[in-house]
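Its first residue numbered 432, the sequence shown is counted upward by one per residue in our numbering. Reviewing the structure listed below.
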Amino acid sequence: MGVLTAERIKLTSTRSPWWCSAIVVVLSLGLAALVALVTSIDTGDAGAGEGPPALTPGMAVSGVTAFGVMVLMIMATLTVTSEYRFGVIRSSFLAVPNRTKVMLSKTALVGVYAAVLTFVLALVSFVVAKLIAGDDAPMLVLDGNWQAIYSVPIYALLCMILAVGVGVLVRQSAAAISLIVLWPLLIEPLLGAFGSFGRTVKPFLPFANADRFLAVEQVATDWHWGVWGSLAYFAAFAVIVFAGALVVVNRRDA
């Protein structure tokens with residue numbers, strides 16, 4: 432509990448977590464409102480075109496999953512790389528020689544915070560989209576679609592575990608953030624775009640499996656397991672990276 436308290440003080444006494452949280456709130460709710468507003472406008476002009484896009488709970492919370500979690504991953508990485516940059520990590524390891532306990536406490540704190548925040552934002556984003564779209568979005572209901580809500584905090588928690596692991600392995604803020612941002616947004620889409628090779632590799636890409644669990648996946652792919660198997664695959668990947676980080680942090684000098 433003492434280690435958790437110390438990590439909580441470090442997290443809440445710096446500006447970056449507050450700024451990141453504010454950005455997450457603005458992006459999540461702002462995109463939910465924008466998507467609902469665009470849907471409502473398209474509905475009014477449905478006679479002139481092909482009709483409005485189907486606004487679903489997954490689309491309503493897409494601001495949380497696509498941008499909010501990404502910002503929280505950057506925040507989680509900075510909780511590690513900033514301490515290495517300013518040498519604070521040495522004081523932490525001197526106070527608590529068990530380095531594994533320090534990293535587990537840091538990850539648990541950031542992970543629980545991200546899970547709670549994203550769950551609340553997913554619910555609020557759904558409500559905001561529903562209020563704006565109203566009767567123009569008949570598919571925007573939670574009956575049978577609760578996975579769009581409860582999958583968000585699960586995904587956020589696993590992403591925090593992965594982000595802390597990457598931060599420990601890389602140690603440099605710029606390099607770690609670049610890897611976290613480019614991995615799901617550039618590297619995996621490029622690998623999945625190479626014809627038959629992409630179709631073969633895509634089921635084994637971690638964030639592609641996470642997107643499938645979040646019901647974001649739209650392209651037909653020959654998956655080797657179900658939706659929950661995709662979650663287990665992404666979870667295993669995050670845990671393996673974090674376990675490797677624990678091994679490295681206990682062997683390398685601070």
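Beta carbons are placed, not taken as given, at the ideal position from N, Cα and C, and that holds for glycine. Computed from a predicted model, the values in this text were never measured in an experiment.
Boundaries of the alpha helix (DSSP H) harbouring Val601: Gln578 to Val601, taken from the DSSP string. Ile580 has its alpha-carbon roughly 24 angstroms from the corresponding atom of Trp614. The three-state secondary structure of Trp659, taken from DSSP, is helix.
Taking one beta carbon from each stretch, the segment 573–589 and the segment 620–632 have fewer than 3 pairs nearer than 8 angstroms; the two do not touch. Between the segment 448–468 and the segment 558–568, the count of C-beta pairs closer than 8 angstroms reaches three or more; the two stretches touch.
A residue is called buried once 16 or more other Cβ atoms fall within 10 Å of its Cβ, and Val547, having fewer, is exposed.
Going by C-alpha positions, Gly565 is about 19 angstroms away from Trp577.
In the structure shown, Asp574 falls within a coil segment according to DSSP collapsed to helix, strand and coil. By the 16-neighbour rule on beta-carbons within 10 angstroms, Asp684 is exposed. Taking 7 angstroms as the cut-off, the beta carbon of Cys590 is found closer than this to the beta carbon of Val500.
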